[in-house]
Amino acid sequence: MAGYVLVVRPEPGLSATVAAANAMGLNALGYPLFEIEPCPWDAPDPSAIDALLIGSANAIRHGGPELTKYLGKPVYAVGQTTAEEARNAGFEIADIGTGGLQNVIDAIPAPLRLLRIAGSSHVDLSLPKDIEMRTIIAYKTVPQELPEPLRPLHDLGLTVMLHSAAAAEQFVRESKRLTLQRGRIALIAIGPRVAEAAGAGWRAIHVCDTPSDRAMLEMAQTMAIQYDTSSPARG
185 MAGYVLVVRP
195 EPGLSATVAA
205 ANAMGLNALG
215 YPLFEIEPCP
225 WDAPDPSAID
235 ALLIGSANAI
245 RHGGPELTKY
255 LGKPVYAVGQ
265 TTAEEARNAG
275 FEIADIGTGG
285 LQNVIDAIPA
295 PLRLLRIAGS
305 SHVDLSLPKD
315 IEMRTIIAYK
325 TVPQELPEPL
335 RPLHDLGLTV
345 MLHSAAAAEQ
355 FVRESKRLTL
365 QRGRIALIAI
375 GPRVAEAAGA
385 GWRAIHVCDT
395 PSDRAMLEMA
405 QTMAIQYDTS
415 SPARG
């Protein structure tokens, strides 16, 4: 029986992922577990900042007019999507990293004074020697509920794509509210931290070697979305 792929990331990424999944022949559905809302913030003195550190395209999309005060500053970004958003906003890209912000900051040449533009839920970073960093909160994630009609999907071979630890935690809460059976649901996590946030008891948890939307889609495709609903759960 053909299964379904559930995409739960916020817009505009949700629509893009669902479209790409369907183009690959997957049965994809999209329901955002979060909405992204901007937060008011005051820009620190640009003369005290050498570069920006950005881990999500949402920092650019929702950063607001204060961002324009740093248009002359280079950007260290995670991922091609974030870098593309920054370029479109008029920023110069100093480097594009993969595997999370810690990998990016570890490769930044010192000394440097960074301004990290982050969301309300963000990971702590270890600063290398001679790297200074200020963090501002430019946006927040507002949890959303999944619709009741999703309940029977776990009987049809459901695979859920989790792009963040916050999405994993919210899906766990929603699966309990909707009384979904973990043992009938497989997860695709963009990285190990996301898989850890999802916990155990799922039919399977697949973790991408490369933290990208494309890698997640390719994993969903190679899994063939064929499930035996009588199989025992495993974490």
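Be aware that the sequence shown starts at 185, since it is given in the working numbering, and climbs by one per residue.
The beta-carbon is built from N, C-alpha and C at its ideal position, and this holds for glycine as well.
I'd like the list of long-range same chain contacts for residue i, defined as Cβ closer than 7 Å, with 5 residues on each side in sequence excluded.
i, result
"Gln264", "Ile280"
"Ile301", "Leu236, Ile238, Ala243, Gly247, Ile320, Ala322"
"Ala204", "Leu401"
"Asp290", "Pro312"
"Glu219", "Pro194, Val326, Gln328"
"Met208", "Leu401, Gln405"
"Asp324", "Checking the sequence, you will find Lys at residue 324 rather than Asp. Cβ within range, chain order: Glu221, Cys223, Gly303, Ser304."
Rounded to whole angstroms, what is the Cα-Cα separation between residue i and residue j?
i, j, result
"Glu332", "Leu311", "44 Å"
"Asn206", "Ala212", "6 Å"
"Gln405", "Lys313", "43 Å"
"Ser396", "Ala261", "14 Å"
"Val202", "Leu190", "8 Å"
"Val271", "Pro249", "Note on residue identity: the sequence assigns Arg, not Val, to residue 271. So the two alpha carbons sit approximately 16 Å from each other."
"Leu251", "Ala352", "30 Å"
"Val378", "Gly284", "12 Å"
"Leu346", "Leu296", "33 Å"
"Ile277", "Ala381", "31 Å"
"Val192", "Glu221", "17 Å"
"Asp339", "Ala294", "53 Å"
"Pro376", "His306", "16 Å"
"Val259", "Ala388", "37 Å"
"Ala200", "Gly256", "30 Å"
"Leu210", "Cys223", "36 Å"
"Gly341", "Phe275", "43 Å"
"Thr343", "Ala349", "16 Å"
"Glu358", "Glu269", "31 Å"
"Leu334", "Trp225", "38 Å"
Looking at C-alpha atoms only, which residue of the options is the closest neighbour of residue i?
i, options, result
"Leu330", "Ser305, Ile315, Asp308, Val356", "Val356"
"Gly197", "Leu210, Met208, Gly214, Gly209", "Gly214"
"Thr282", "Ala267, Ala204, Thr343", "Ala267"
"Asp308", "Pro327, Met208, Ile292, Asn287", "Asn287"
"Ile292", "Phe275, Ile315, Gly303, Ser304", "Ile315"
"Pro216", "Arg335, Glu269, Gly383, Gln354", "Gln354"
If you drop the 5 nearest sequence neighbours on each side, which residues of the same chain put their C-beta closer than 6 Å to that of residue i?
i, result
"Leu337", "Tyr188"
"Leu299", "Ile233, Leu236, Arg318"
"Ala273", "Ile244"
"Arg398", "none"
Under the three-state reduction of DSSP, which class applies to residue i: helix, strand or coil?
i, result
"Phe275", "coil"
"Tyr215", "coil"
"Leu311", "coil"
"Thr319", "strand"
"Arg387", "coil"
"Glu380", "helix"
"Ala241", "coil"
"Val192", "coil"
"Leu346", "strand"
"Lys360", "helix"
"Ile289", "helix"
"Glu329", "coil"
"Leu340", "helix"
"Pro395", "coil"
If you drop the 5 nearest sequence neighbours on each side, which residues of the same chain put their C-beta closer than 8 Å to that of residue i?
i, result
"Lys253", "Ala227, Pro230"
"Met403", "Ile372, His390, Cys392"
Counting only beta-carbon separations shorter than 9 Å, does residue i have a partner in chain C?
i, result
"Asp314", "Considering every chain present, this structure includes no chain C. It has just one protein chain."
Is the segment 388 to 405 close to the segment 353 to 368, with three or more CB pairs under 8 Å? Judged by Cβ distances under 8 Å, the segment 388 to 405 makes no contact with the segment 353 to 368, as fewer than three pairs qualify.
Can you find at least 3 beta carbon pairs, one from the segment 370 to 385 and one from the segment 235 to 245, that sit closer than 8 Å? Between the segment 370 to 385 and the segment 235 to 245, the count of Cβ pairs shorter than 8 Å is below three; the stretches do not touch.
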